[in-house]
Amino acid sequence: MAPIENTAAGPITGVIRLGDGARGLRGLVVAVGFSALSNLATDGKAKRNDGEFDAELERRLLEIGFVEGAHVEILHEGLFGRDPIAVKVDTMRVALRRHEANAILVQPEPGRVGRP
Amino acid sequence: MNVSVPTLPSLRLALVGNPNCGKTALFNALTGSRQKVANYPGVTVERKEGNFVSPIGRPVVAIDLPGTYSLRGRSPDEVVTRDAILGRLEGDQRPDMLVCVADATNLRIMLRLVLELRNAGIPMLLALNMMDIARYRGITIDVDGLSAELGIPVITTVAVSPDGTQALLQQIDAMANAGLASTEPHWHALDASEVRDAHHLADRLVDRFVSHPANDRDWTRRIDRILLNPAGGLLILLAVLFLVFQAVFSWATLPMEWISAGFDWLAQTVSAILPAGLLSSLITDGVITGVGSVLVFLPQIIILFFFIILLEDFGYMARAAFLMDRIVGGAGLHGRSFIPLLSSFACAIPGIMATRVIENRRQRLATIMVAPLMTCSARIPVYTLIISAFIPNRQVWGMVNLQGLVMFSLYAAGIVSAFAVALVFRTFVWRGKSEPFIMELPGYKRPLVRSVLLGVVQRAIIFLKRAGTIILSMMILIWFLSTFPAPPEGATGPAIHYSFAGIIGHALQPLLAPIGFNWQIAVALIPGLAAREVAVGALATVYAIGGDASGSALSQTLSAQWSLATALSLLAWYVFAPQCASTLGVVRRETNSWRWPVAMFVYMMVLAYIASFVVYQSAIALGG
Chain A
16 MAPIENTAAG PITGVIRLGD GARGLRGLVV AVGFSALSNL ATDGKAKRND
66 GEFDAELERR LLEIGFVEGA HVEILHEGLF GRDPIAVKVD TMRVALRRHE
116 ANAILVQPEP GRVGRP
Chain B
655 MNVSVPTLPS LRLALVGNPN CGKTALFNAL TGSRQKVANY PGVTVERKEG
705 NFVSPIGRPV VAIDLPGTYS LRGRSPDEVV TRDAILGRLE GDQRPDMLVC
755 VADATNLRIM LRLVLELRNA GIPMLLALNM MDIARYRGIT IDVDGLSAEL
805 GIPVITTVAV SPDGTQALLQ QIDAMANAGL ASTEPHWHAL DASEVRDAHH
855 LADRLVDRFV SHPANDRDWT RRIDRILLNP AGGLLILLAV LFLVFQAVFS
905 WATLPMEWIS AGFDWLAQTV SAILPAGLLS SLITDGVITG VGSVLVFLPQ
955 IIILFFFIIL LEDFGYMARA AFLMDRIVGG AGLHGRSFIP LLSSFACAIP
1005 GIMATRVIEN RRQRLATIMV APLMTCSARI PVYTLIISAF IPNRQVWGMV
1055 NLQGLVMFSL YAAGIVSAFA VALVFRTFVW RGKSEPFIME LPGYKRPLVR
1105 SVLLGVVQRA IIFLKRAGTI ILSMMILIWF LSTFPAPPEG ATGPAIHYSF
1155 AGIIGHALQP LLAPIGFNWQ IAVALIPGLA AREVAVGALA TVYAIGGDAS
1205 GSALSQTLSA QWSLATALSL LAWYVFAPQC ASTLGVVRRE TNSWRWPVAM
1255 FVYMMVLAYI ASFVVYQSAI ALGG
């Protein structure tokens, strides 16, 4: 699988944070970790940096399979505030809160942005 | 003597893999019931070791290491896995061989770990477990290709089938015969970019050697559509819990009666044989009655753990954590706190033991601290006694039984206060970021009866060991307090008046007067520290009511002697008070420090006093 080019030179268009996605969203992970996101995000919302905590979150997300180029799909949502979400990451299912999912930037497949 | 077969040197192998890869099922298949469960020194991580003999007669010691996604060691479990593999574990030999266990339907994450494990310097092989499910779903794996590329033997296993471990056993022999030579580990903690690189390497391996069918017969997805439905899923969870509790409380009734009858019989027999005196009193009142009053919960604990392990093996517990995360998360707890809190409705001891699944120390401690607020079954005899003595058995609002309503309110008070206390911890003690909730939702699997029963037996043994050590010593201490010093010559009241418990009770009485407790209650609370329901028997002793302590005689005496305000105050006391020395002992054990049991005792005592004060004074003001 070809690695996704995510040069920090210019903002990637059309990407959304996984935590903002709705059930049915399908796409490819283009960036993981709030530090990577702060270079990429266009709306400034993801611009934050919290050193130690974010580095730890990034490694945990990577270890459980959220890595650039991984296929993701939001399968289920919780009842209250549609949180947490259950995500299919390639061949495995992972439950996580939207807050943590916001550290993952996804390029949605056309027509698979999920329920509005 | 015929020494024809030379004894082969024994081999130590360790099973390592991701959580949910079927590692423990494989371990059970290899070792059967020849397992030893203990703790690693200094930490509350379970150490599982078992023995088996390989096909050519080689004795093998297998260790089931805690599941992990990396060797980084975030939680105590993961630190044990890392240290065992790197030979850093005190008193534990480095294994001769690693068996990396992978879920064949989800190879990618384990391949990443295998790449990291190659730096450990121990000969290893890769077992593709759950191969039956992979075949059913049409997933094909080029085993030889993968083996050649990784440079280690790769075999397939089906832990749940009788001959599903043959290839593994043969491979272990083959590797041992060829000679196993470990080298110095050259592992270092991977940084984020190294993890990324390893993932991409693992992805390329999966692309080359694994093929997924276009039409995957994946049952998990279909089952999840029902069980994780936002509203329906919660209703199903509630229904499951309802059934579990029905089972815990109704199935356990009969065996509990047998156990308590058995202990009564034992106490009577012993007191008939032994001459009356201190020894007889120690054995019957202290040891037998005391331990019996805790062991009587064994049936409930066994039934509860049967369902918990069954649901865990099926894959449902991770779903329960998912469904409950938002609800318990509101109080700063973790989705995984849910199961320990649930267990605490039977008894806080298994509940506190079950907090080991929570990786984050703070959230684990918060869960431990609030677990005793859940209404355990030892409170039921106390609640029942007071409710039947003071609350009229009549209908209110047309259809609700008043006694039942009071009972329900006591349960609700426990739950609400547990959430409130957790929130206070979150807001004032452990401020800052909440621990991320990131958890794998494993594929559903048919639970294996043998595995479930093995797990239940291991839990029961752990509980019995606790009863034999911590609980027994607490019982003896409380017996001592209730027995010494002996009453003076010509004393008229019950002996407990003159004991340390009596002295402490009398001394405490002025302190307890504002919450409406008389000296009899104060004295009964001391032996009641052994276990909550012991207070019922102690009240009978103090009021010198012989015979059947749980019968109506005590109930009538109490309703004649106490005001309603006192009764309500005592109910409020029992919602909060740390009236269980065994729980405090287990907290000490699980946290490896006196700090937490002391903190628990103090905060629960303060809450109990405030609650009883408010209840008593309001009841008096309202004319109670």
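In the order they appear, the protein sequences are chains A and B.
Each position in the first sequence, counted from 1, maps to that position plus 15 in this note's numbering.
Each position in the second sequence, counted from 1, maps to that position plus 654 in this note's numbering.
From the three backbone atoms N, C-alpha and C, an ideal C-beta is built for every residue, glycine too.
Query, Result
"Local Cβ density within 10 Å of B/PRO1026, reported as buried at 16 or more and exposed below that", "buried"
"Which listed residue (B/ALA832, B/VAL753, B/MET978 and B/ILE1180) has its alpha carbon closest to that of B/SER1136", "B/ILE1180"
"is_contact[B/THR1211, chain E] using C-beta, thresh 8 Å", "As a matter of chain content, chain E is missing from the structure shown, whose protein chains are A and B."
"Candidates B/ILE955, B/GLY727, B/ILE1158 and B/VAL812, of which the one nearest B/SER904 by Cα", "B/ILE955"
"Check whether B/ASP878 and A/HIS86 have beta carbons under 8 Å apart", "no"
"Straight-line gap, B/LEU895 to B/PHE999 (C-alpha atoms, nearest Å)", "11 Å"
"Span of the alpha helix (DSSP H) around B/ASN783", "No alpha helix (DSSP H) contains B/ASN783, which is instead part of the beta strand (DSSP E) from 778-783."
"Beta-carbon separation (whole angstroms), B/ALA1265 vs B/ALA1221, contact threshold 8 Å", "About 14 Å; that fails the 8 Å criterion."
"Straight-line Cα distance separating B/LEU1218 from B/GLY1277", "10 Å"
"Alpha-carbon spacing of B/SER664 relative to B/VAL755, whole angstroms", "22 Å"
"Whole-Å CB distance - B/MET1259 paired with B/ALA1235, under 8 Å assumed", "Actually they do not touch by this definition, with Cβ atoms about 13 Å apart."
"Identity of the residue in A/GLY29, A/ILE100 and A/LEU94 nearest A/GLU115 by Cα", "A/ILE100"
"Neighbour-count burial assignment, B/GLY620, 16 or more Cβ in a 10 Å radius", "Only positions 655 to 1278 of chain B appear in the structure, and residue 620 of chain B is not among them; the question remains open."
"Cβ-Cβ separation, B/VAL691 to B/LYS677 (assumed contact under 8 Å), whole Å", "Not a contact, Cβ separation roughly 15 Å."
"Strand pairing of B/LEU665, partner residues [DSSP]", "B/VAL714"
"C-beta atoms of B/MET1129 and B/PHE1079 nearer than 8 Å", "no"
"In chain order, each alpha helix (DSSP H) run of at least 4 residues that lies wholly inside the stretch 768-835 of chain B", "785-790, 797-804 and 820-832"
"Residues bridged to A/GLY42 (per DSSP)", "A/VAL87 and A/PRO123"
"CB-CB length for B/GLN1017 against B/GLU1094, believed under 8 Å", "Between B/GLU1094 and B/GLN1017 the Cβ distance is about 18 Å, and since that is not below 8 Å, they are no contact."
"Alpha-carbon spacing of B/VAL1269 relative to B/GLY1058, whole angstroms", "19 Å"
"Within-8 Å CB hit, A/PHE95 to chain B", "yes"
"Contacting residues, own chain, Cβ-Cβ under 6 Å from B/THR874 (five flanking each side not counted)", "GLY1097 and TYR1098"
"Near-chain A residues of the stretch 881-901 of chain B - C-beta to any C-beta below 7 Å", "LEU882, PRO884, ALA885 and LEU888"
"B/ILE1022, enclosing alpha helix (DSSP H) - first and last residue", "1015-1024"
"Partners in chain A for B/VAL849, counting only beta-carbon separations shorter than 7 Å", "ARG74, LEU77 and GLU78"
"Residue closest to B/LEU1238, alpha-carbon to alpha-carbon, out of B/ILE1003, B/ALA1043 and B/ARG789", "B/ILE1003"
"Where B/LYS1119 falls, given that 16 or more other Cβ within 10 Å makes a residue buried", "exposed"
"Cβ neighbours of A/VAL121 in the same chain (closer than 8 Å, five flanking residues each side left out)", "VAL30, ILE31, ARG32, LEU33, GLY36, LEU40, GLY42, LEU43, VAL44, VAL45 and VAL87"
"Under 8 Å by beta carbon: chain B residues contacting A/ALA110", "ALA972, ALA975, PHE976, ASP979, GLY989, PHE1091, ILE1092, MET1093, GLU1094 and LEU1095"
"Supposed close pair B/ALA781, B/ILE809 - CB separation, criterion 8 Å", "6 Å"
"Span of the alpha helix (DSSP H), counted from its first residue to its last, around B/PHE1082", "It is not in any alpha helix (DSSP H) - B/PHE1082 carries neither H nor E in the DSSP assignment."
"C-alpha distance - A/ARG113 paired with A/ASP98, whole-angstrom precision", "6 Å"
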